[in-house]
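Chains X and V, in that order, are what the protein sequence lines are. Per the working numbering, the very first residue in the first sequence carries number 2; after that it's consecutive. Per the working numbering, the very first residue in the second sequence carries number 4; after that it's consecutive. Just so it is clear, CB atoms sit at the ideal spot from N, CA and C, and this is done for glycine as well.
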Amino acid sequence: MSKILIPAGVYNQLRDHGEETYPHECCGALLGRPEQDGWRIVSAVRAGNTRTDSAHNRYNIAPLELVKIEREANRQGLEIAGFYHSHPDHPAQWSQTDFAEAHWLGCCYVITEVTQGKAATTNSFLLAGTTEEDKRFEQQAIVVED
Amino acid sequence: MTIYIPTPLRTYTGGRNAVEINAPTVAEALAALTSDNPELRKHLFTPEGKVRAFVNLYLNDEDVRYLPHKEATAVKDSDTLSIIPSIAGGA
Numbered sequence: 002m003s004k005i006l007i008p009a010g011v012y013n014q015l016r017d018h019g020e021e022t023y024p025h026e027c028c029g030a031l032l033g034r035p036e037q038d039g040w041r042i043v044s045a046v047r048a049g050n051t052r053t054d055s056a057h058n059r060y061n062i063a064p065l066e067l068v069k070i071e072r073e074a075n076r077q078g079l080e081i082a083g084f085y086h087s088h089p090d091h092p093a094q095w096s097q098t099d100f101a102e103a104h105w106l107g108c109c110y111v112i113t114e115v116t117q118g119k120a121a122t123t124n125s126f127l128l129a130g131t132t133e134e135d136k137r138f139e140q141q142a143i144v145v146e147d
Numbered sequence: 004m005t006i007y008i009p010t011p012l013r014t015y016t017g018g019r020n021a022v023e024i025n026a027p028t029v030a031e032a033l034a035a036l037t038s039d040n041p042e043l044r045k046h047l048f049t050p051e052g053k054v055r056a057f058v059n060l061y062l063n064d065e066d067v068r069y070l071p072h073k074e075a076t077a078v079k080d081s082d083t084l085s086i087i088p089s090i091a092g093g094a
């Protein structure tokens, strides 16, 4: 099983974000470096959710915001390692919508269930495969480091 | 111009996050990029040769699909082209 290594502070940040936006989905990017068998996450960058029409169960990050996040990541010598979002009162499992809209092959997709306003389970899924046709989500271990 | 390569596609550019391309338009820059790195082609284009719907192209801070000349837009040496796959989802 692949893994993501993530500092406790960053892990808490992405979970806190979900609590703050509840009952709407939060979203953001995770910056880091590739590790053997996964990613080492260095920081989380909050992003806006453009799905104001259905924010309780949908998120979308504006591409221009990602352009700017990527520019900053490049400046810091980091990569976009993946993304995080929350599922208000819904399991921390990828949905068909998550899968259909996932295109960052090799990156991690971190999902937090926020239950009645409190962050509960957080899971990470690697978008494995090499093409749109063979892509699949594989659960990853999350190693939270002090 | 500089073309910025997103994480999922760096494996097809020898790990590079940016590639320098000499070309007069966005379309020709992409053609040169995929000519030099042929495995990129199927990730960026449909079999019919159109940019895939989930692939966003930004010429500096402008979405290419909304520019008057789209991929035929002329580019300068100092321009950047960012390739950004869409990110969305939800419960």
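Determine, using beta carbons only, whether Gly93 of chain V and Glu26 of chain X come nearer to each other than 8 Å.
Residue mapping note: residue 93 of chain V aligns to position 90 of the second sequence, counting from 1. Residue mapping note: residue 26 of chain X aligns to position 25 of the first sequence, counting from 1. Yes, these two residues count as a Cβ contact at 8 Å.
Straight-line gap, Ile70 of chain X to Asn20 of chain V (C-alpha atoms, nearest Å)
Translated into the one-based positions of the first sequence, residue 70 of chain X becomes position 69. Translated into the one-based positions of the second sequence, residue 20 of chain V becomes position 17. Their backbone Cα atoms lie some 14 Å apart in a straight line.
Cβ of Thr53 of chain X within 8 Å of any chain V Cβ:
Along the first sequence, one-based indexing puts residue 53 of chain X at 52. Judged by the 8 Å Cβ criterion, Thr53 of chain X is not in contact with chain V.
DSSP bridge partner residues for Cys27 of chain X (one or two, in chain order)
On the first sequence, residue 27 of chain X is found 26 positions in, with the first residue counted as 1. None, per the DSSP bridge assignment.
At a CB-CB cut-off below 7 Å, which residues of chain X make contact with Asn40 of chain V?
Here residue 40 of chain V refers to the residue found at position 37 when the second sequence is read from its first residue. Those do not exist, as Asn40 of chain V stays about 15 Å from chain X at its closest Cβ, beyond 7 Å.
Suppose the cutoff is 6 Å on Cβ atoms and the five residues either side in sequence are ignored; what does the same chain contact list for Tyr12 of chain X look like?
Numbered from its first residue, the first sequence carries residue 12 of chain X at position 11. Same-chain partners within the cutoff: Val145.
Kindly list, in the order they appear in chain X, the residues whose Cβ is closer than 8 Å to that of Ile6 of chain V.
Position 3 of the second sequence, counted from the first residue, corresponds to residue 6 of chain V. Residues of chain X passing the Cβ test: none, with the nearest at roughly 12 Å.
Output, in chain order, the set of chain X residues within a Cβ distance shorter than 8 Å of Thr10 of chain V.
To locate residue 10 of chain V, count along the second sequence from 1; it is residue 7. The contacting residues are Glu80, Ile81, Ala82, Trp105, Gly107 and Cys108.
My parser needs the beta strand (DSSP E) runs of 3 or more residues fully inside the stretch 2 to 69 of chain X; what are they?
4 to 8, 28 to 36, 39 to 48 and 60 to 62
Beta-carbon neighbours of Phe57 of chain V, restricted to chain X and to distances below 9 Å
Residue mapping note: residue 57 of chain V aligns to position 54 of the second sequence, counting from 1. By Cβ distance, chain X contributes Glu102, His104 and Glu133.
Going by beta carbon distance, what residues of the same chain come within less than 7 Å of Val46 of chain X, once the five residues before and after it are set aside?
On the first sequence, position 45 is the one that residue 46 of chain X refers to. Excluding residues within five positions, the ones whose Cβ falls inside 7 Å are Gly29, Ala30, Leu32 and Ile70.
Need the endpoints of the beta strand (DSSP E) that Arg137 of chain X sits in, please.
For this step, residue 137 of chain X is matched to residue 136 along the first sequence. Where Arg137 of chain X is concerned, the enclosing beta strand (DSSP E) stretches over Arg137 to Glu146.
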